[in-house]
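Novice: One structure coming up, written as structure tokens, with questions to follow.
Spelled out as structure tokens, the structure:
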């Protein structure tokens with residue numbers, strides 16, 4: 304149901320995935336399962352962003368996708384899986400000419416969104432962590448946590464007038 | 152493997168250390184740790200450190216990078232030193248605004264503005 308013309312599908316981080324027609328209007332679907340490793344995460348991000356960069360999105364949209372992807376994957380590796388190399392991170396990205404939909408799921412204990420304090424409150428401003436989720440929520444159009452906080456689904460539309468929300 | 156370029160270059164003007172980020176991204180933990188390891192001795196070496204961070208090359212930064220900057224700011228504050236940030240591109244400045252860190256850091260438009268803003 305997610306695939307449109309020219310769509311292709313790749314599995315595993317070593318496999319080149321995604322693909323569309325030459326004018327960049329088709330849908331691409333990416334699926335990766337990686338170890339909780341920053342280098343592997345970077346490879347996944349590079350592959351997804353390679354497709355995103357061909358779409359002709361507004362630069363603000365591209366910035367938002369890159370930021371959301373980076374923060375979501377870092378959260379999954381660091382806070383979700385606690386950098387346990389045995390635990391995996393699953394990433395799915397669907398990109399078309401209008402938007403990117405990204406799912407990141409970890410194998411950690413999960414968390415409650417409400418338990419994360421607002422990093423912009425004066426008493427939290429000098430704390431060194433806690434900003435990733437806040438940034439994601441500011442830069443994406445739709446955000447949904449499920450499976451006890453282990454799964455994050457985000458949609459970023461190519462609509463530069465809307466985001467970010469301060 | 153090719154030797155990688157250090158993530159920052161450091162120059163001095165009088166007693167002010169000017170740190171320029173050399174990469175267009177301040178994202179990954181290794182990179183951030185290396186930047187932190189370069190900055191900490193510059194804070195430790197004098198009684199009241201004066202540091203100027205130049206973001207002219209930076210197009211992306213992560214929340215982990217913000218955490219490192221806050222840590223640097225806290226260390227400098229503990230020593231009654233001064234920290235300025237400059238040449239932040241609009242998209243990056245927006246990240247500071249969203250996180251309200253524009254209220255924590257002293258952000259100056261240009262390097263010369265930043266240099267003249269240091270108290271003697």
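Residue numbers (the numbering used here), protein chains in the order written: chain Z, 304 to 469; chain W, 152 to 271. We put the beta carbon where it would ideally sit given N, CA and C, even for glycine. All of these numbers come straight from a predicted model, not from anything done at the bench.
Can you pull the chain W neighbours of residue 423/Z, defined as C-beta to C-beta under 7 Å?
Specialist: 250, 251
Novice: Let me know if residue 363/Z comes out buried or exposed under the rule of 16 or more other beta-carbons within 10 Å of its beta-carbon.
Specialist: buried
Novice: Do the CB positions of residue 462/Z and residue 360/Z come within less than 7 Å of each other?
Specialist: No, these two residues do not count as a Cβ contact at 7 Å.
Novice: What residue range does the alpha helix (DSSP H) around residue 368/Z cover?
Specialist: Element bounds for residue 368/Z: 362-378.
Novice: Report the residues of the region 334-356 of chain Z with a CB closer than 8 Å to any CB of chain W, ordered along the chain.
Specialist: 341, 345
Novice: In terms of residues, what are the limits of the beta strand (DSSP E) holding residue 160/W?
Specialist: 159-164
Novice: Measure from the C-beta of residue 438/Z to each C-beta in chain W and report whether the shortest distance is under 7 Å.
Specialist: yes
Novice: Taking residue 271/W as the query, report the chain Z residues whose CB atoms sit under 9 Å from its CB, ordered along the chain.
Specialist: Neighbours of residue 271/W on chain Z: none; closest Cβ ~26 Å, over 9 Å.
Novice: Can you tell me the Cβ-Cβ gap for residue 203/W and residue 237/W, rounded? I've got them flagged as a contact below 8 Å.
Specialist: 6 Å
Novice: Whose Cβ in chain W lies nearer than 8 Å to the Cβ of residue 376/Z?
Specialist: Ordered by position in chain W, no residue passes the 8 Å Cβ test against residue 376/Z, which lies about 10 Å from the chain.
Novice: Apply the 10 Å Cβ neighbour rule to residue 411/Z and answer buried if 16 or more other Cβ atoms are within range, or exposed otherwise.
Specialist: buried
Novice: DSSP state of residue 196/W, grouped into three classes?
Specialist: coil
Novice: Using 10 angstroms around the beta-carbon of residue 397/Z, count the other beta-carbons present and answer buried if the total reaches 16, otherwise exposed.
Specialist: buried
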